[in-house]
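Visitor:
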Amino acid sequence: MDDILVAYAQNGEPVRPQQGYPVRLVVPGWEAIRSVKWLSRIKVVDQPYMAWHESGNNADTRPDGKGLWFRFELGPKSVITRPSGGQRLPGHGSYEITGLAWTGGGAVRKVEVSIDGGRTYKAAELQQPVHRYAHTRFRFPWMWSGEEAVLQSRCTDERGEVQPTIAEAAKNLGVTPDYFYEADHFNGIQPWKVNRDGSIQNALFL
718 MDDILVAYAQ NGEPVRPQQG YPVRLVVPGW EAIRSVKWLS RIKVVDQPYM
768 AWHESGNNAD TRPDGKGLWF RFELGPKSVI TRPSGGQRLP GHGSYEITGL
818 AWTGGGAVRK VEVSIDGGRT YKAAELQQPV HRYAHTRFRF PWMWSGEEAV
868 LQSRCTDERG EVQPTIAEAA KNLGVTPDYF YEADHFNGIQ PWKVNRDGSI
918 QNALFL
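Residue numbers (this note's numbering): 718 to 923.
Set out below in structure tokens:
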């Protein structure tokens, strides 16, 4: 907790109204809802605070209607941004897969990319420097044959926590994968299907 900030300025100017003027709490590595805007007072408690946002809107709900746990820290997450859904490859050949990774568990240690739907992974190159709590860019060379492919990335943070598949995330929460159709909290692997015509679609629920 020693890295939490009460911020009154950013980039040499006062915090802007839409960003929380006059002061904003900044909690690195935790979900943004914890970085309270328009801060007017601080109340310190020794247990989770049972307010509506904390116990309902920002908690995972099990099938029986009970909240599973409070959500605080962000798990490791990565996503391929190019090529990705809605884009189209002009034809077979050499491409560079690129994306972003981040984690609430410190710094990104590695990102791996799969071109076969998760059957095998190879290490991607991380853009340096890699900072704690910061987005990290990654790249991976890919020779597309023109056949169908499923691209996805997997992040591991400096504590060794690994980004889960949707099946693993569902098992951890005690829910079925379709729970994540409307879930607010999901750091699972995002697959993209590359079709033979070069079109790309979301393959998470295929």
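From the three backbone atoms N, C-alpha and C, an ideal C-beta is built for every residue, glycine too.
According to DSSP, simplified to helix, strand and coil, what is L890?
Guide: helix
Visitor: Give, in chain order, every unbroken run of the beta strand (DSSP E) that is at least 3 residues long and sits entirely within the stretch 839-920.
Guide: 853-861, 866-874, 909-911, 917-919
Visitor: Only counting the same chain, and skipping five residues up and downstream in sequence, which positions put a Cβ closer than 6 Å to that of R849?
Guide: G823, A824
Visitor: I need the DSSP call for A818, collapsed to helix, strand or coil.
Guide: strand
Visitor: Does the distance from the CB of Y725 to the CB of P734 come in under 8 Å?
Guide: no
Visitor: Could you tell me whether the Cβ atoms of Q844 and P908 are closer together than 8 Å?
Guide: no
Visitor: Using the three-state DSSP reduction, which class does A768 fall into: helix, strand or coil?
Guide: coil
Visitor: Suppose you measure from the CA of G802 to the CA of G834; what does that come to, to the nearest Å?
Guide: 15 Å
Visitor: For the beta strand (DSSP E) containing K827, name the first residue and the last one.
Guide: 825-831
Visitor: Could you have a look at R758 and say whether DSSP puts it in helix, strand or coil?
Guide: coil
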